[in-house]
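Heads up: the structure comes next, in structure tokens.
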Amino acid sequence: MDSRKVELRTRFREEREFHHEAIDWDIFQWEHLISSEEFTSASVIASYISYGTEPDTTRINREILAQNKILVAPRTLPDKNLQWVQWDGSASSLIRNGNVLEPLGEPFLGTIDLVIVPALHVDRHGNRLGQGGGSYDRALKNLSAYSIALVYAGELTSEEIPSEPHDCKVNAAATPELLVRFTKQN
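Position 21 of the sequence shown, counted from 1, bears residue number 628 in my numbering, the numbering being contiguous throughout.
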């Protein structure tokens with residue numbers, strides 16, 4: 608594992624924890640994401656159930672369902688890979704796995720159009736720094752879906768995120784105030 612990534616994760620987690628208390632949660636409307644062409648044209652959207660200091664996905668998940676789209680959320684398998692499960696948005700269809708709430712039910716086998724991805728930071732090239740387990744990088748490699756990472760305003764950065772061969776870039780990053788699309792580079 609890249610020691611620079613470990614160092615950045617530690618720093619970014621500390622910064623997020625520090626700033627998390629001062630966040631005005633009422634501004635988290637995610638209008639630019641919800642009104643984007645990628646969101647409105649998608650029939651199936653993979654999102655997640657946020658926890659801790661992550662950007663809150665509650666409004667996004669409700670909006671997916673309100674627009675009569677299929678919402679799928681990840682379930683972590685014993686090998687740390689993700690399995691997508693259709694979720695109806697109800698708390699009664701969730702189970703706790705460590706700190707994370709995951710949907711109950713059968714795996715979703717259809718095509719996912721858009722995937723909303725957690726991140727600690729995203730750089731201007733679409734490199735995403737996650738929590739370090741690699742679950743989302745492996746999942747993104749197996750999806751042809753458009754990918755958007757959710758971050759707070761100060762977490763979309765010009766500071767370059769180290770990238771390893773197994774890392775997957777995201778197509779865009781969303782903050783509560785804006786959506787930034789990246790040019791794909793081979």
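Glycine included, every Cβ here is placed at the ideal spot set by N, Cα and C.
Since we're looking at a predicted model, the values are computed, not measured.
Report buried or exposed for residue i, applying the criterion of at least 16 other Cβ atoms within 10 angstroms of its Cβ.
i, result
"Arg703", "exposed"
"Asn793", "At Asn793, the pLDDT of 45 sits below 50, so the modelled position is not reliable and the matter cannot be decided from this model."
"Glu661", "buried"
"Thr782", "buried"
"Asp609", "exposed"
"Pro681", "buried"
Does DSSP put residue i in a helix, in a strand, or in coil?
i, result
"Glu709", "strand"
"Ser610", "helix"
"Arg620", "helix"
"Ser700", "helix"
"Ser742", "helix"
"Val768", "Before going further, note that residue 768 is Ile rather than Val in the sequence given. If DSSP states are grouped into helix, strand and coil, Ile768 belongs with coil."
"Ile656", "coil"
"Arg669", "helix"
"Asn793", "The predicted position of Asn793 is uncertain, since its pLDDT is 45 and thus under 50; no value can be drawn from it."
What does a CB cutoff of less than 6 angstroms around residue i pick up in its chain, not counting 5 residues either side in sequence?
i, result
"Ala746", "Leu689"
Going by alpha carbons, who is nearest to residue i out of the options?
i, options, result
"Gln693", "His639, Asn749, Leu672", "Leu672"
Just to confirm my understanding: we take residue i, look at its own chain, exclude 5 residues before and 5 after, and list those with CB closer than 8 angstroms. What are they?
i, result
"Gly741", "Lys687, His773"
"His728", "Leu615, Phe619, Arg735, Leu736, Val758, Glu762, Leu763, Thr764, Glu766, Ile768"
"Gly659", "Asn706"
For residue i, which residues from the same chain have a beta carbon less than 7 angstroms from its beta carbon, with the 5 sequence-adjacent residues on both sides left out?
i, result
"Arg731", "Ser765"
"Lys748", "Cys775"
"Phe715", "Val679, Trp691, Val692, Gln693"
Taking 8 angstroms as the CB-CB cut-off, is residue i touching chain D?
i, result
"Glu767", "Note that chain D does not occur in the displayed structure, where there is just one protein chain."
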